[in-house]
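Chains as they are written, first to last, in the working numbering: chain A, 1 to 314; chain B, 1001 to 1276.
The beta-carbon is built from N, C-alpha and C at its ideal position, and this holds for glycine as well.
Comments concern the structure below.
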């Protein structure tokens, strides 16, 4: 697992595939095309690439108009500006009329690093998940990102895709199969399940290996599709393990942990420990140092597993 | 259509607006009445549209960015034959298709869902960009309010329309000078609009928004402009056509009572009679 790739990097490459496949795919950016990796699409298909300048409300509003006229727009900027600045354009111009816009946001979470808390979106999944008609996808690695992007283009309707800046381990190959609304059980275990997405998936797999050495059998579920959520898979796994840890690079309020808690509370009450940001903003620093400081590590997952196992035994 | 025919259509639209709002007991008469001549001219003369095929790919598009004036759009659509006039009675009622603000999913002929101010011109730009990409010659019309000029997104979009040389976009400001809290100039002064839009590299035309001939000439001129979008600043009177509503901010978002509605309809019928 030495090879690494940032999900934004995979996004840039996937856009080129789409550009060749489908003439209706257009890409919009807001002066961040080198960072969001849409710039290469722009070079290859300049007539289908629109730099909207530093104006995110107009970026999303224009994407809505393009979609209303039959295009498949991918609108990109940092997650904080897409969901934060342009929330109401997303809500009223895109989601309310269910227009076919893909909001492909990069630089999510604290692994944005040095730019600091102002630029680290930690609440974007919670906000997007609460909007009717919106699909919310959080890929874990480069291959999954590629499949997420291609699947989003095939699906008709608004999709929020959450990607990161940081290079992360490549976990999957072409045999992997992502589907909107489906979770992927990456590892079967009977004692406890770690349900994760984004950069936390690779840590969950590593934690599971370490825990196996302690004799704890861990299921690892990759929940890239936060909405629609694969409720049946989550309930099925929880029924077996009777203990669940959720893991996300996001505030513990409103994101994946909340989504899973909601389902299990209603359908399969299960002891849960949520790993994520503890309702706090990030700060400037090296990504790995920040993950350490804010408790988004393999060690934190192992600790959470022990906590939830203690709850389970009560 | 001839000028007199368009005036008659505008009068019918105004009567329908009043009747709708009386039945609905809520809604926005002032900004609907001020836009009636503009909307009548667009839908009954200017725009290339087909009520039998509301999704026709080559149609001209209309975006009511000042979405609270939905009644003027609904009246025009019904009069044009997009749906039965019976539907007008369902305005703002549960389970009916005519929402408080335009909803493209529910209402045939509505090209964009709007209502939250400031968003319409961006959508118009998107449609115009798509049209250019597809080599289509359709035009996109967006109607904005003067109070709406305070929304920052309007100016983001204004910059983009000019940057992308969207000469297939024609925007209109229904410049009635009033908004909910009073005169636009006192709530948040948006003047001088002419110079502002010129500074944003738009072709700008100023007209009397109740003068059908002037509107027809402005729309014709817009079509001849190449390489940049056109803004038509249409000076209007809020509540136009109903004496007690004219130039009164209080009639922005209040529906007339049955008695007030009858008085308004009486005046409008008199106007119709005078039109012959």
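{"Check": "Closer than 7 Å to chain A by CB, residue 1179 (chain B)", "Outcome": "no"}
{"Check": "Residue environment, residue 1192 (chain B), which counts as buried when at least 16 other CB atoms sit within 10 Å", "Outcome": "exposed"}
{"Check": "Residue 68 (chain A) and residue 1245 (chain B) closer than 7 Å at C-beta", "Outcome": "no"}
{"Check": "Unbroken beta strand (DSSP E) run spanning residue 5 (chain A), endpoints", "Outcome": "4–6"}
{"Check": "Cβ neighbour criterion (16 or more within 10 Å) applied to residue 195 (chain A)", "Outcome": "buried"}
{"Check": "Counted within 10 angstroms of its Cβ, other Cβ atoms place residue 27 (chain A) as buried (16 or more) or exposed", "Outcome": "buried"}
{"Check": "Buried or exposed (CB count within 10 angstroms, at least 16 for buried), residue 139 (chain A)", "Outcome": "buried"}
{"Check": "Coarse secondary structure for residue 95 (chain A), derived from DSSP in three states", "Outcome": "helix"}
{"Check": "Per DSSP, the bridge partner or partners of residue 1260 (chain B)", "Outcome": "In the DSSP output, where bridge partners are listed per residue, residue 1260 (chain B) has none listed."}
{"Check": "Environment of residue 110 (chain A) [buried if 16+ CB atoms lie within 10 Å]", "Outcome": "buried"}
{"Check": "DSSP state of residue 1 (chain A) mapped onto helix, strand, coil", "Outcome": "Residue placement at residue 1 (chain A) is poorly supported in this model, since its pLDDT is 46, which falls under 50; the coordinates still yield a value, given next. Here residue 1 (chain A) sits in coil by DSSP."}
{"Check": "Other residues of its chain near residue 32 (chain A): CB distance less than 6 Å, five sequence neighbours each side excluded", "Outcome": "77"}
{"Check": "Helix, strand or coil at residue 120 (chain A) [DSSP, three-state]", "Outcome": "coil"}
{"Check": "Closer than 7 Å to chain A by CB, residue 1162 (chain B)", "Outcome": "no"}
{"Check": "7 Å Cβ cutoff, residue 327 (chain A) in contact with chain B", "Outcome": "A question about residue 327 (chain A) goes unanswered here, because the residues of chain A that appear run from 1 up to 314."}
{"Check": "Coil, strand or helix - residue 37 (chain A) by DSSP", "Outcome": "coil"}
{"Check": "Cβ of residue 96 (chain A) within 7 Å of any chain E Cβ", "Outcome": "Among the chains of the structure shown, chain E does not appear; the protein chains present are A and B."}
{"Check": "Close beta carbons around residue 179 (chain A), own chain, < 8 Å, minus the five adjacent residues each side", "Outcome": "151 and 225"}
{"Check": "Chain-ordered neighbours of residue 1137 (chain B) on chain A, where CB pairs are closer than 9 Å", "Outcome": "Per Cβ cutoff of 9 Å: no residues; residue 1137 (chain B) is ~13 Å from chain A at best."}
{"Check": "Residues of the stretch 80–111 of chain A whose Cβ lies closer than 7 Å to any Cβ of chain B, in chain order", "Outcome": "88, 89, 92, 93, 96, 97 and 98"}
{"Check": "Top-ranked residue by Cα proximity to residue 52 (chain A), from A:62, A:46 and A:45", "Outcome": "A:62"}
{"Check": "Test item: CB-CB of residue 238 (chain A) and residue 245 (chain A) under 7 Å", "Outcome": "no"}
{"Check": "Assigned secondary structure, residue 1191 (chain B) (DSSP; H/G/I helix, E/B strand, else coil)", "Outcome": "coil"}
{"Check": "Min CB distance residue 33 (chain A) to chain B below 7 Å", "Outcome": "no"}
{"Check": "Close beta carbons around residue 1090 (chain B), own chain, < 6 Å, minus the five adjacent residues each side", "Outcome": "1096 and 1098"}
{"Check": "Bridge partners - residue 195 (chain A), DSSP secondary structure assignment", "Outcome": "A:221 and A:246"}
{"Check": "C-alpha gap between residue 1253 (chain B) and residue 1028 (chain B), whole angstroms", "Outcome": "4 Å"}
{"Check": "Chain A contact residues for residue 1129 (chain B), given Cβ-Cβ distances below 9 Å", "Outcome": "26, 50, 62, 65, 66, 69 and 71"}
{"Check": "Exposure of residue 25 (chain A), with buried meaning 16 or more beta-carbon neighbours within 10 Å", "Outcome": "buried"}
{"Check": "Exposed unless 16 or more other CB atoms sit within 10 angstroms - verdict on residue 34 (chain A)", "Outcome": "exposed"}
{"Check": "Short CB-CB distance (under 7 Å) between residue 1260 (chain B) and chain A", "Outcome": "no"}
{"Check": "Opening and closing residue of the beta strand (DSSP E) in which residue 187 (chain A) lies", "Outcome": "184–187"}
{"Check": "Chain-ordered residues of the stretch 152–185 of chain A with a beta carbon less than 8 Å from chain B", "Outcome": "none"}
{"Check": "CB contact flag (residue 272 (chain A), residue 258 (chain A), <7 Å)", "Outcome": "no"}
{"Check": "Alpha-carbon to alpha-carbon, residue 219 (chain A) and residue 213 (chain A)", "Outcome": "14 Å"}
{"Check": "Alpha-carbon to alpha-carbon, residue 113 (chain A) and residue 1061 (chain B)", "Outcome": "44 Å"}
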